[in-house]
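Working notes for the structure below.
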Amino acid sequence: MVVSSRVSIPDAARLVDAVLERSTGKNSFIHGESHWQRVAAASLTLLPETPGADPALVFLFALFHDSMRLNDNYDPLHGPRGAALARELHGEAFDLEDAEMSLPAFACEEHTNGGIGPDPTVRVCWDADRLNLWRVGIIPDPRFLSTEAARSEERMVESPGGKSHDKCGS
Ligand SMILES: [Fe+2]
122 MVVSSRVSIP DAARLVDAVL ERSTGKNSFI HGESHWQRVA AASLTLLPET
172 PGADPALVFL FALFHDSMRL NDNYDPLHGP RGAALARELH GEAFDLEDAE
222 MSLPAFACEE HTNGGIGPDP TVRVCWDADR LNLWRVGIIP DPRFLSTEAA
272 RSEERMVESP GGKSHDKCGS
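Count along the sequence shown from 1, add 121, and you get the number used in our numbering.
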């Protein structure tokens, strides 16, 4: 059982299954299930150094943010579709006060639009995603990282020879 001050996830495996059942992008090597797992794993390294970030909300982001991609290239509405799926499963596979749903939804909707996260939870979400840019040979640009923890050198340089990038989201 995953519980935080905001979120209740009585059965994480059931939640993951519910997302996989509906996901349009789960099989992609770049943005599919293995990427969601890596985002969740990266967030575990950032959370202890980011006071105020909610681990369960970050888990929801890792699971939903790329779940509804239609392709690995230009798909500007995949974030909003991921947020819509989260809203659909809200109250079913996980529970969260209605008013609190706006935070994970915002993190999903805006994750490709860049910028610095306005809230510690959103900052960890977006940085965990960006730290996974190494999978496509890109070293995250520190200007687009929101947390001190993510800006540490060993976390940014996962892929020797990777090129820096001028995009914010992945
Ligand atoms: Fe992503």
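Glycine included, C-beta positions come from ideal geometry on N, C-alpha and C.
Keep in mind the model is a prediction, meaning the values are calculated, not measured.
Setting aside the 5 residues that flank it on each side, Leu266 is surrounded in the same chain by Asp248, Arg251 and Arg272, each with a C-beta closer than 7 Å to its C-beta; the list follows chain order. With contacts defined as CB atoms closer than 8 Å, Cys229 and Phe185 qualify as a contacting pair. If you ignore the 5 residues before and after Leu181, its C-beta comes within less than 6 Å of the C-beta of Pro225, all in its own chain and listed in chain order. Taking a contact as a CB-CB distance under 8 Å, the pair Ala163 and Asn253 counts as one, their CB atoms being some 6 Å apart. In the structure shown, His156 falls within a helical segment according to DSSP collapsed to helix, strand and coil. If you compare the alpha carbons of Leu167, Asn148, Thr171 and Asp216 with that of Leu136, the shortest gap goes to Asp216. The distance from the Cβ of Thr242 to that of Ala161 is about 14 Å, inconsistent with a contact at the 8 Å cut-off. In this structure, Ile151 keeps its C-beta atom at 8 Å or more from the C-beta atom of Asp196.
Separation of the CB atoms of His156 and Asp187 is rounded to 6 Å, and the pair is thereby assigned contact status at 8 Å. In this structure, DSSP gives Ser188 a state outside helix and strand, which the three-state scheme calls coil. Residues of the same chain with a CB within less than 8 Å of the CB of Glu170, apart from the 5 flanking positions on each side, are Thr268, Glu269 and Ala270 in chain order. For Ser223, the enclosing alpha helix (DSSP H) has its first and last residue at Ser223 to Glu231. The three-state secondary structure of Asp216, taken from DSSP, is strand.
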